[in-house]
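The structure appears below as structure tokens.
Numbering (our numbering), first residue to last: 77 to 546.
And the structure:
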């Protein structure tokens with residue numbers, strides 16, 4: 077399904093589910109009275125449940141499609157298996173139960189209102205499920221009739237490569253299309269392609285073989301462009317990077333943009349605002365801790381400074397000075413080679429990590445374990461060198477020693493105070509450089525502002541329970 081198709085489906089399904097929830101909530105008092113004899117409840121004069129608290133009820137109904145999206149209900153074209161849909165709706169109902177329980181703590185309700193809320197908690201998932209079944213049956217009926225499917229032509233280098241690439245595409249996506257013929261680069265004449273288009277009312281051309289196939293199949297592509305036929309260019313299946321595409325116009329020249337980084341949308345703007353606001357709050361809220369830490373560092377090692385500034389690799393590898401509370405003796409840098417030779421390295425790759433590093437003074441072990449030594453990096457966030465959430469910045473010399481050029485992709489976003497690896501693996505005895513890279517690329521490929529919020533919230537218990545750097 078295309079992005080346009082996905083967006084249209086999402087809009088239709090979310091609006092339909094919102095309307096269904098709204099109608100059900102409006103008539104839920106009457107339904108509660110109908111169920112009252114069966115449930116042993118007292119029948120009362122119906123009330124307007126939506127007017128009891130317009131703001132809260134409006135928020136609750138608005139979040140119905142949002143929560144359904146979060147639990148994956150709109151994925152796979154909303155034609156997933158019935159068992160999968162039921163599981164997703166059960167999860168939705170659980171969240172809805174928690175929301176209703178929280179709502180009831182805000183104000184005291186009589187038994188009748190509580191019964192209405194209970195009916196809504198059960199009934200809204202039911203009406204959404206009925207909507208799902210109706211749409212699913214309609215879509216499956218269309219898919220059983222080739223004439224109702226999208227009529228497509230597949231283009232590529234050869235019959236074998238076309239079939240191989242086509243069969244590797246998800247089956248649920250292919251089921252919505254009917255292949256009327258193939259266009260082989262350098263073999264199939266444009267006249268023959270035009271016959272297929274005219275005879276079958278073709279609406280889509282799917283070019284298989286990556287960006288390079290665009291040039292090889294240019295005559296066929298140009299023919300489809302002239303007639304307003306949608307053109308899909310499938311990337312080579314062996315590429316693992318999750319590229320995103322966009323089109324930009326510069327003075328009449330159109331540019332196809334391929335990027336593996338998060339697109340600049342309202343979410344990127346929200347992330348920038350969140351970074352600065354949260355860094356400022358952290359700076360103000362932790363200011364007493366800064367004073368205590370500074371005094372303790374001076375007591376532990378009076379000869380050295382309170383802060384330590386190291387050159388790290390920032391966005392796209394641009395060096396910047398990252399601030400930390402000093403946790404090591406002043407001769408730590410000069411002793412690094414000696415420590416590596418004598419005690420080895422608990423990390424593979426270019427990173428160095430040692431749990432009982434003798435260069436760390438006693439109080440330094442504590443502030444490392446509780447991640448207090450990282451607090452000064454909120455200054456780097458305020459300066460724009462770092463984000464709250466993002467891959468941890470590596471020392472410049474560690475970046476230069478990366479064994480694989482593809483690992484530099486972790487620097488295609490701003491480095492951060494915390495990310496997957498810091499929450500899940502940094503105190504794991506079996507952690508590894510490769511695992512860190514995989515976690516960081518996972519973050520880049522699946523980034524959203526919501527993911528930043530989730531990772532930030534997950535960081536709090538990780539720090540409080542001492543799952544920090546040591």
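All C-beta atoms, glycine included, are put in the ideal place defined by N, C-alpha and C.
Consult DSSP for residue i and reduce its assignment to one of helix, strand or coil.
i           : result
residue 463 : strand
residue 157 : coil
residue 441 : helix
residue 380 : coil
residue 500 : helix
residue 350 : helix
residue 405 : coil
residue 388 : strand
residue 398 : strand
residue 528 : helix
residue 436 : strand
residue 93  : helix
residue 188 : helix
residue 468 : coil
residue 431 : coil
residue 79  : Its pLDDT being 46, under 50, residue 79 is placed unreliably by the model, and nothing is read from it.
residue 452 : coil
residue 570 : There is simply no residue 570 to check, as the chain begins at 77 and stops at 546 in what is shown.
residue 150 : coil
residue 541 : coil
residue 410 : helix
residue 263 : coil
residue 447 : coil
Please look up how many angstroms separate the CB atoms of residue i and residue j, rounded, as I've assumed it's under 8 Å.
i           : j           : result
residue 397 : residue 475 : Their Cβ separation, rounded to whole angstroms, is 15 Å, which puts residue 397 and residue 475 out of contact at 8 Å.
residue 225 : residue 252 : 6 Å
residue 478 : residue 437 : Incorrect: roughly 31 Å between the Cβ atoms, too far for contact.
residue 285 : residue 237 : 7 Å
residue 280 : residue 248 : Their Cβ separation, rounded to whole angstroms, is 17 Å, which puts residue 280 and residue 248 out of contact at 8 Å.
residue 261 : residue 293 : 5 Å
residue 335 : residue 489 : With 8 Å as the limit, residue 335 and residue 489 do not qualify as a contact, their Cβ atoms being about 11 Å apart.
residue 557 : residue 471 : What is shown of the chain runs 77 to 546, which leaves residue 557 out entirely.
residue 201 : residue 169 : 5 Å
residue 513 : residue 486 : 6 Å
residue 120 : residue 188 : 5 Å
residue 282 : residue 231 : 7 Å
residue 406 : residue 429 : The pair is not a contact, with the Cβ atoms about 21 Å apart (cut-off 8 Å).
For the alpha helix (DSSP H) containing residue i, list its first residue and its last residue.
i           : result
residue 298 : 294-302
residue 257 : Taken as a continuous stretch (DSSP letters only), residue 257 belongs to no alpha helix (DSSP H), being part of the beta strand (DSSP E) at 253-260.
residue 493 : That residue, residue 493, is in no alpha helix (DSSP H); its beta strand (DSSP E) goes 492-494.
residue 547 : There is simply no residue 547 to check, as the chain begins at 77 and stops at 546 in what is shown.
residue 272 : 266-276
residue 248 : 247-250
residue 237 : 235-243
residue 477 : Premise fails: residue 477 is in no alpha helix (DSSP H) and is neither H nor E.
Should residue i go down as buried or exposed, given a rule of 16 or more other Cβ atoms within 10 Å for buried?
i           : result
residue 108 : buried
residue 191 : buried
residue 244 : exposed
residue 535 : buried
residue 97  : buried
residue 298 : exposed
residue 369 : buried
residue 181 : exposed
residue 401 : buried
residue 463 : buried
residue 351 : buried
residue 492 : buried
residue 177 : exposed
residue 537 : exposed
residue 515 : buried
residue 79  : Low confidence applies to residue 79: its pLDDT is 46, below 50, so where it sits in the model is not reliable, and the reading given next is rough at best. Exposed: under 16 other Cβ atoms inside 10 Å.
residue 450 : buried
residue 159 : exposed
residue 473 : exposed
residue 91  : exposed
Against chain C, does residue i count as a neighbour if the rule is that its beta carbon must be under 8 Å from one of theirs?
i           : result
residue 387 : Among the chains of the structure shown, chain C does not appear; only one protein chain is present.
Just reading off the beta strand (DSSP E) that residue i is part of, what are its end residues?
i           : result
residue 231 : 226-232
residue 424 : Run containing residue 424: none; DSSP gives neither H nor E here.
residue 283 : 280-284
residue 307 : 306-310
Length-filtered (4 minimum) alpha helix (DSSP H) runs lying within the region 108-147: 125-128, 130-146
Only counting runs of 4 or more residues, tell me where the alpha helix (DSSP H) segments fall wholly within the region 320-376, in order along the chain. Within the region 320-376, the complete alpha helix (DSSP H) runs of at least 4 residues are 342-361, 363-376.
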